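Just so you know, the sequence shown maps onto residues 1149 to 1225 in the numbering used here. From the three backbone atoms N, C-alpha and C, an ideal C-beta is built for every residue, glycine too. The structure presented is a predicted model; accordingly, all values stated were derived computationally and were not measured. What follows is a short report on a single structure.
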Amino acid sequence: MNSNPKLAAQSPQPRPPIELRAATPDDADVMAKLINLAGEGLPVYLWQDMIEGNETAWDVGRRRAQREEGGFSYRNT
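Next up, the structure:
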């Protein structure tokens, strides 16, 4: 048994299993948030120029993520 508290605090903790699955159009909200985070805010800035009607920039990101084709599509996730 390790009596050093620093080493004991660094011991790996059990983690819940990660479930991997194919993305679906229902994942569009999370996908838009992740792509914007990875792009450091640039995606939402660019989506502002693609707004149609009463959409927000986030609506554009979600719409693009729900597409069947394109570089930013749930099928490519």
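If the five residues before and after I1199 are omitted, its C-beta is found closer than 8 Å to the C-beta atoms of A1205, D1207 and V1208, all from its own chain and listed in chain order. Contiguous beta strand (DSSP E) elements confined to the segment 1158-1212 do not occur, taking only those with 3 or more residues. Apart from the 5 residues on each side of it in sequence, D1177 sits with its Cβ closer than 7 Å to the Cβ of R1210 in its chain, given in chain order.
Rounded to the nearest whole angstrom, the CA to CA distance from G1218 to W1195 is 15 Å. When secondary structure is reduced to three states using DSSP, R1215 falls in the coil class, being assigned neither helix nor strand. Sequence-distant partners of N1184 (beyond 5 residues in either direction) whose C-beta falls short of 6 Å from its own C-beta, in its chain, are P1191 and V1192.
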